[in-house]
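So the structure is just underneath, and the comments pick up after that.
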Amino acid sequence: MSKGQISLDFLITILVVIITMSSMALIINSIENSQEEILLTNQLKQTANELSTTITASQVMQDTNFYSKIKIDNLIYKNNEFFPRIILNDTNLVVKEDISGKNMSHTAKFYKPAKIKISIKGNYLVIQSE
1 MSKGQISLDF LITILVVIIT MSSMALIINS IENSQEEILL TNQLKQTANE
51 LSTTITASQV MQDTNFYSKI KIDNLIYKNN EFFPRIILND TNLVVKEDIS
101 GKNMSHTAKF YKPAKIKISI KGNYLVIQSE
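Position 19 (the sequence shown) corresponds to 19 in my numbering; numbering is contiguous.
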């Protein structure tokens with residue numbers, strides 16, 4: 001080998017190091033995306049469960065004249081805050097969001113007391129007597 005010439009072993013070593021670093025970067029990015037999706041799923045579950053528990057607990061107040069306004073927290077996904085879509089049925093509460101083409105949702109069941117009106121107004125869950 002003459003002076004100033006790079007050996008084939010050195011070139012192969014550099015190539016292997018570059019490929020390994022690229023692979024590690026892709027794996028780290030994939031893990032980060034998976035963790036963000038898990039965080040969003042857990043936030044959806046927590047929001048749905050808290051709201052359904054609150055609705056079920058309102059049966060204690062069904063014989064009184066009351067008005068309750070509960071703030072619904074925004075969800076966070078990749079440093080962006082947004083308000084989730086909430087669908088209320090007779091006994092189901094669905095909290096859902098479409099992120100990057102993926103439909104993520106969580107359904108929580110609740111007992112709807114008689115003489116109680118439940119609605120979503122802005123960022124608030126409103127529970128009131130009829």
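Here a beta-carbon is modelled for each residue, glycine too, at the ideal position from N, C-alpha and C. Quantities reported herein were computed from a predicted structural model and do not represent experimental measurements.
Can the beta-carbon of residue i be found closer than 8 angstroms to that of residue j?
| i | j | result |
| --- | --- | --- |
| Ile-28 | Gln-62 | no |
| Leu-93 | Phe-110 | yes |
| Tyr-77 | Leu-26 | no |
| Ile-55 | Ile-118 | yes |
| Thr-64 | Ser-129 | yes |
| Thr-91 | Lys-112 | yes |
For the alpha helix (DSSP H) that residue i lies in, which residues bound it at each end?
| i | result |
| --- | --- |
| Ile-27 | 8-57 |
Compute the Euclidean distance between the alpha carbons of residue i and residue j, then round it to the nearest angstrom.
| i | j | result |
| --- | --- | --- |
| Lys-45 | Ile-14 | 47 angstroms |
| Ala-148 | Val-126 | Nothing in the structure corresponds to residue 148, since the chain is present only between 1 and 130. |
| Gln-35 | Lys-71 | 26 angstroms |
| Met-104 | Phe-10 | 49 angstroms |
| Glu-32 | Ile-38 | 10 angstroms |
| Phe-83 | Leu-51 | 14 angstroms |
| Gln-59 | Asn-80 | 36 angstroms |
On the DSSP bridge assignment, give the partners of residue i in chain order.
| i | result |
| --- | --- |
| Thr-119 | The sequence shown places Ser at residue 119, rather than the Thr named in the question. Bridge partners of Ser-119: Val-126. |
| Met-104 | Glu-97 |
| Lys-109 | Asn-92 |
| Ile-72 | DSSP lists no partner for Ile-72. |
Under DSSP, the beta strand (DSSP E) around residue i begins and ends at which residues?
| i | result |
| --- | --- |
| Asp-90 | Unbroken run through Asp-90: none, as it is neither H nor E. |
| Asn-80 | 80-82 |
Give a yes or no on whether 8 angstroms exceeds the smallest Cβ distance from residue i to chain C.
| i | result |
| --- | --- |
| Gln-5 | Although the question refers to chain C, the structure presented lacks it and comprises just one protein chain. |
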